[in-house]
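Novice: The structure's right below; bear with me while I get my questions together.
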Amino acid sequence: MSDYKVAGKGFSRIDASDKVLGTARFGADKTSSRTLIGMIVGSKHAFAKVLSIDASKAIQIPGVRAVLTRENSPKNRFGGSIKDRTWFAKDGYVRFEGDPVAAIAAESREAAIAASEALEIKYKVLDPVVSALDARNGEGPIIHKEWKNLNLGPESDGRVIARFEKGIGNIEEGFENSDFIFEHTFQTGYVHAAYIEPHACLVEPSGDGKVTIWTSTQSPYDIRNGVCDALQLPHTKVRVIPTEIGGGFGAKIRSTVEHIVALLALKTNRPIHYEMSREDDHRAVNPRHPHVISIKTGVSKDGEIIARDIDVTMGHGAYADGAPMQCSSKMALATATYNIPNFHIKACTTYTNGPVSGPVRAPSGPQYHYAMEVHTDIVAREIGIDPVEFRRKNALKPGDKIVPSGGPYSDGEYKEGSISAVLEKVVEEGDWGSPIEIDSSLISEGWLPGRGIAFGYWPGPGGAASCTIRLNDDGSFHLVGGSVNLTGSSTSLCQLAAEELGVGLDKVRFDSGDTDTAPESIRAAGSMVTRSLGAAVLKAAKDARSKILKVASSKLEANPDDLQIENGLVFVQSSPDRSISLSAVAKSAPQILGYIIGEGESEAPPPCPIYTAQIAEVAVNPEIGEVKVLRLVCVQDVGFAINPLSVVGQIEGAMIQGMGIALLEELSQNLEGKLSGESLHDYLLPTSLDLPKLEVFLLENPAKGTPYGARGVGEPPICATAAAIGNAIQDAVGTTVFSIPVSPDNLKEAMDSLEKVS
Numbered sequence: 000m001s002d003y004k005v006a007g008k009g010f011s012r013i014d015a016s017d018k019v020l021g022t023a024r025f026g027a028d029k030t031s032s033r034t035l036i037g038m039i040v041g042s043k044h045a046f047a048k049v050l051s052i053d054a055s056k057a058i059q060i061p062g063v064r065a066v067l068t069r070e071n072s073p074k075n076r077f078g079g080s081i082k083d084r085t086w087f088a089k090d091g092y093v094r095f096e097g098d099p100v101a102a103i104a105a106e107s108r109e110a111a112i113a114a115s116e117a118l119e120i121k122y123k124v125l126d127p128v129v130s131a132l133d134a135r136n137g138e139g140p141i142i143h144k145e146w147k148n149l150n151l152g153p154e155s156d157g158r159v160i161a162r163f164e165k166g167i168g169n170i171e172e173g174f175e176n177s178d179f180i181f182e183h184t185f186q187t188g189y190v191h192a193a194y195i196e197p198h199a200c201l202v203e204p205s206g207d208g209k210v211t212i213w214t215s216t217q218s219p220y221d222i223r224n225g226v227c228d229a230l231q232l233p234h235t236k237v238r239v240i241p242t243e244i245g246g247g248f249g250a251k252i253r254s255t256v257e258h259i260v261a262l263l264a265l266k267t268n269r270p271i272h273y274e275m276s277r278e279d280d281h282r283a284v285n286p287r288h289p290h291v292i293s294i295k296t297g298v299s300k301d302g303e304i305i306a307r308d309i310d311v312t313m314g315h316g317a318y319a320d321g322a323p324m325q326c327s328s329k330m331a332l333a334t335a336t337y338n339i340p341n342f343h344i345k346a347c348t349t350y351t352n353g354p355v356s357g358p359v360r361a362p363s364g365p366q367y368h369y370a371m372e373v374h375t376d377i378v379a380r381e382i383g384i385d386p387v388e389f390r391r392k393n394a395l396k397p398g399d400k401i402v403p404s405g406g407p408y409s410d411g412e413y414k415e416g417s418i419s420a421v422l423e424k425v426v427e428e429g430d431w432g433s434p435i436e437i438d439s440s441l442i443s444e445g446w447l448p449g450r451g452i453a454f455g456y457w458p459g460p461g462g463a464a465s466c467t468i469r470l471n472d473d474g475s476f477h478l479v480g481g482s483v484n485l486t487g488s489s490t491s492l493c494q495l496a497a498e499e500l501g502v503g504l505d506k507v508r509f510d511s512g513d514t515d516t517a518p519e520s521i522r523a524a525g526s527m528v529t530r531s532l533g534a535a536v537l538k539a540a541k542d543a544r545s546k547i548l549k550v551a552s553s554k555l556e557a558n559p560d561d562l563q564i565e566n567g568l569v570f571v572q573s574s575p576d577r578s579i580s581l582s583a584v585a586k587s588a589p590q591i592l593g594y595i596i597g598e599g600e601s602e603a604p605p606p607c608p609i610y611t612a613q614i615a616e617v618a619v620n621p622e623i624g625e626v627k628v629l630r631l632v633c634v635q636d637v638g639f640a641i642n643p644l645s646v647v648g649q650i651e652g653a654m655i656q657g658m659g660i661a662l663l664e665e666l667s668q669n670l671e672g673k674l675s676g677e678s679l680h681d682y683l684l685p686t687s688l689d690l691p692k693l694e695v696f697l698l699e700n701p702a703k704g705t706p707y708g709a710r711g712v713g714e715p716p717i718c719a720t721a722a723a724i725g726n727a728i729q730d731a732v733g734t735t736v737f738s739i740p741v742s743p744d745n746l747k748e749a750m751d752s753l754e755k756v757s
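If you're matching positions, the sequence shown starts at 0 in numbering that gives the first Met the number 0 and goes up one per residue.
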């Protein structure tokens, strides 16, 4: 690895200057001539029957060009494998606060607002289902009356979308053979992705019924597929061009508003510009799933885990987009950390009258890990074993059997991973067992120090990808792939290409293209792009290199095997003076074998496990329930850091987000189904004033079948942070908070309960 000249080196993002100088163009920046302003009107109720919609006054407002309701919209259902969506409550019901009931196109925002206020909508408000646990238990109304036609599975009663169950060993015998049994239930709520840029897009129709969509998205192909599904259009009639994206974290994958804006464009035959408000975005778009996770663990006297039973209930919200996959695939998060011979997990996801939950950075990862790792700490402390020693004893080792729940361990055996390595490194770097350094003034004010540890795991999925690399006449290269540049991946991809092609990073440019012009590739999510598209980049670079050497061999009268590319020159290795520039090769190529365009396609790479371990140090004020995070230490096996600067930045960002999940972030829902925390004033996020000391250490245990052995980066660290903080709080005050965020009220309540027991 030390021989690499470009890969493995730290480079600033190649797109940084555009963002710093303000020249980058985001979804809200895109405009066109004759553009109308789009507006989507959402329900004010979480669950209601729509009795009538009168748009006659709205359409008469000057400047209003279209008002779409259930009366003049398509009749088809849509929504993926479970088609439970209709256009503008055409089936008669709205199912979450913000559920679209109308859409407006107008010459100005003022006219659109006036039209929305002129709509006359009559509702019969119904009692909502806000608890997934209630829905699972058969309580409350069935919110989809046509559920029997929705392919929910044979065991569904209309409330449960999907159920899954897996295990190994004999769970009953395992508990019978345990010396101690511990059982706890944990709860998490809605958490928004909290990107800076709300959803925004421009849709422009053409005369042949085609629409071109410029949108802030992580996956142009998913947007195209969603729009085509909703509008019943062939893929040739929808072109999606990704703009710069001001954050997504998973919540900008599927079509949220684009299909509605596209319908407005087709109805008016005018371009439509739409910007979602912050309040609407928080109210209606893709938060993390609320979870209720119950864990029962049986252990021996010497601290060996004998049995574990996990029961998970997820609230998916009003519609089923991706719910079965989200529920089943995330069960792997519970199975690949500890050696447990008798293990059982049961999970289900339900309809509720809330916003449709979906993938947000490491979907279900923070929720699962908070429950599992905090529960594990309780078990260790209750039987008198140091939490690190307990993890050493029970961490998976090569050859151990685990639940075959997908991901890298589909065969049910732990083979490749670095649990023990990340544990030992974080214990060393995190000063486990040493006194916590804390300001004396905090001690004098009654603050209590605490230190906690937690594992994080991500199954490292991947996807198929393809790309092209073209040699330009000036000797530079143009790399085109269908994955959006979201996390700095374009820099890493260019590093891979530059390494293979023997040029500097400044000689390679990346464009993500669009659904009409770029080779199709994996979505920018799940820590997949660099591994998946990176594999295709290496193939395309090798293909381009082979063609370059063929042309150069003709010009230099040498065998291609005797040639080398370096610093923009192709030369004969035994006679370096015999050379030709890449520019000359590009200009000569059309007459010899055609333009030099390297093509690369890759299958989905094998899933590779990604492990992290973190230590958190906190100070807790028991009088007011406040928590200060003093230090976060993370050790992660990254396989190979293609761009160490970017890798560390990704990990630090995930740790900060994890801190927000632990202590601050929540979209709370009341019994009427209404959400609070709809603005950045009310929805609390970590700021620069809250940041602790961050320390990141990289291990490089190369993965199999990935570019230079690189593993995914961005998902695993967010899994561990909240759990490490939760365990540090427990260390400081001697009590556990079983729900996150650990707000002052939650912490005080937990401490008061402890005092009553004692």
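Backbone N, C-alpha and C define an ideal beta-carbon position, used for all residues, glycine too.
If distances are taken between C-alpha atoms only, which option among Tyr456, Ile547, Val210 comes closest to Gln366?
Specialist: Tyr456
Novice: Could you name the residues of the same chain whose beta carbon sits closer than 6 angstroms to that of Leu581, not counting the 5 residues immediately before and after it, in chain order?
Specialist: Gly474, Gly567
Novice: Going by DSSP, which residues form a beta bridge with Met313?
Specialist: According to DSSP, Met313 bridges with His290, Thr348.
Novice: Could you check whether Thr296 and His374 sit closer than 8 angstroms to each other, using their CB atoms as the reference points?
Specialist: yes
Novice: Do Thr336 and Ala379 have their C-beta atoms within less than 8 angstroms of each other?
Specialist: One thing to note: Thr336 has its Cβ no nearer than 8 angstroms to the Cβ of Ala379.
Novice: Can you name, in chain order, every residue of its own chain whose Cβ lies under 8 angstroms from the Cβ of Ala317, other than the five neighbours on each side?
Specialist: Arg94, Phe95, Asp98, Ile142, Tyr350, Thr351, Asn352, Gly353, Pro354, Val355
Novice: Would you mind working out which of Ala731, Ala702, Gly676, Ser742 sits nearest Glu278, comparing C-alpha positions?
Specialist: That would be Gly676, whose Cα lies nearest to the Cα of Glu278.
Novice: According to the neighbour-count rule (16 or more other Cβ atoms, all chains shown, within 10 Å of its Cβ), is Ser11 buried or exposed?
Specialist: exposed
Novice: Starting from the C-beta of Lys82, find all residues in its chain whose C-beta is less than 6 angstroms away, skip the five residues before and the five after it, and write them out in chain order.
Specialist: Arg76
Novice: Taking only three categories from DSSP, how would you classify Val617?
Specialist: strand
Novice: Short check: CB of Cys326 to CB of Arg135, under 8 angstroms?
Specialist: no
Novice: Measure the alpha-carbon distance for Ile660 versus Ile739 and round it to whole angstroms.
Specialist: Between Ile660 and Ile739, the C-alpha separation is close to 7 angstroms.
Novice: Let me confirm a value: Ser757 is counted as buried when at least 16 other C-beta atoms fall within 10 Å, else exposed. Which label applies?
Specialist: In this prediction, Ser757 has a pLDDT of 41, which is less than 50 and means its spatial position is unreliable; nothing more can be read from the coordinates.
Novice: Just to confirm the assignment, what range does the beta strand (DSSP E) spanning Ser465 have?
Specialist: 464-470
Novice: List the residues that DSSP assigns as beta-bridge partners of Asp430.
Specialist: Asp430 pairs with nothing; no bridge assigned.
Novice: Among Glu651, Leu441, Glu556, which has the Cα closest to the Cα of Thr486?
Specialist: Glu651
Novice: Please determine if the segment 485-503 and the segment 674-689 are in contact, where contact requires at least 3 C-beta pairs separated by less than 8 angstroms.
Specialist: no
Novice: So, does the segment 702-712 touch the segment 634-641, judging by three or more C-beta pairs under 8 angstroms?
Specialist: yes
Novice: Under three-state DSSP, which class holds Asn341?
Specialist: strand
Novice: According to DSSP, is Ile60 part of a helix, a strand, or is it coil?
Specialist: coil
Novice: What residue range does the beta strand (DSSP E) around Ile167 cover?
Specialist: 159-167
Novice: Unbroken beta strand (DSSP E) runs of length 3 or more, entirely within the segment 486-565: which are they?
Specialist: 507-510, 562-565
Novice: Can you tell me which of His288, Val571, Gly206, Gly657 puts its alpha carbon nearest to the alpha carbon of Ser552?
Specialist: Each of His288, Val571, Gly206, Gly657 was checked against the Cα of Ser552, and the nearest Cα belongs to Val571.
Novice: Quick one: what does DSSP say Ala15 is sitting in, helix, strand or coil?
Specialist: helix
Novice: Would you call the segment 458-467 and the segment 513-531 touching, i.e. three or more CB-CB distances under 8 angstroms?
Specialist: yes
Novice: Taking only three categories from DSSP, how would you classify Ala361?
Specialist: coil
Novice: Using the Cα positions of Ser752 and Val732, report the straight-line distance between them to the nearest angstrom.
Specialist: 12 angstroms
Novice: Any idea if Glu381 is buried or exposed, counting beta-carbon neighbours within 10 angstroms, 16 or more meaning buried?
Specialist: exposed
Novice: Leaving aside the five residues before and after Ser17 along the sequence, list all residues of the same chain whose C-beta is less than 7 angstroms from its C-beta, in chain order.
Specialist: According to the sequence provided, residue 17 is Asp. The question's Ser does not apply to it. So the qualifying residues of the chain are Ala23.
Novice: Taking the alpha-carbon positions, what's the Ile344 to Met313 distance?
Specialist: 14 angstroms
Novice: Say yes only if the C-beta of Pro270 is nearer than 7 angstroms to one or more non-hydrogen atoms of the ligand NAP, and no if none qualify.
Specialist: The ligand content of the structure shown is nil, which means the ligand NAP is not present either.
Novice: Just to confirm my understanding: we take Gly429, look at its own chain, exclude 5 residues before and 5 after, and list those with CB closer than 6 angstroms. What are they?
Specialist: Taking Gly429 as the centre and dropping the five residues before and after it, the same chain places the C-beta of Ile614, Val632 closer than 6 angstroms to its C-beta, in chain order.
Novice: Taking the alpha-carbon positions, what's the Gln231 to Tyr408 distance?
Specialist: 39 angstroms
Novice: Leaving out five residues before and five after Gly166 in sequence, what residues of the same chain have Cβ atoms less than 7 angstroms from its Cβ?
Specialist: Phe342, His343, Ile344, Val402
Novice: Which word fits Asp744, buried or exposed, when buried means at least 16 other C-beta atoms lie within 10 angstroms of its C-beta?
Specialist: exposed
Novice: Taking C-beta to C-beta, are Gly657 and Ile717 nearer than 8 angstroms?
Specialist: yes
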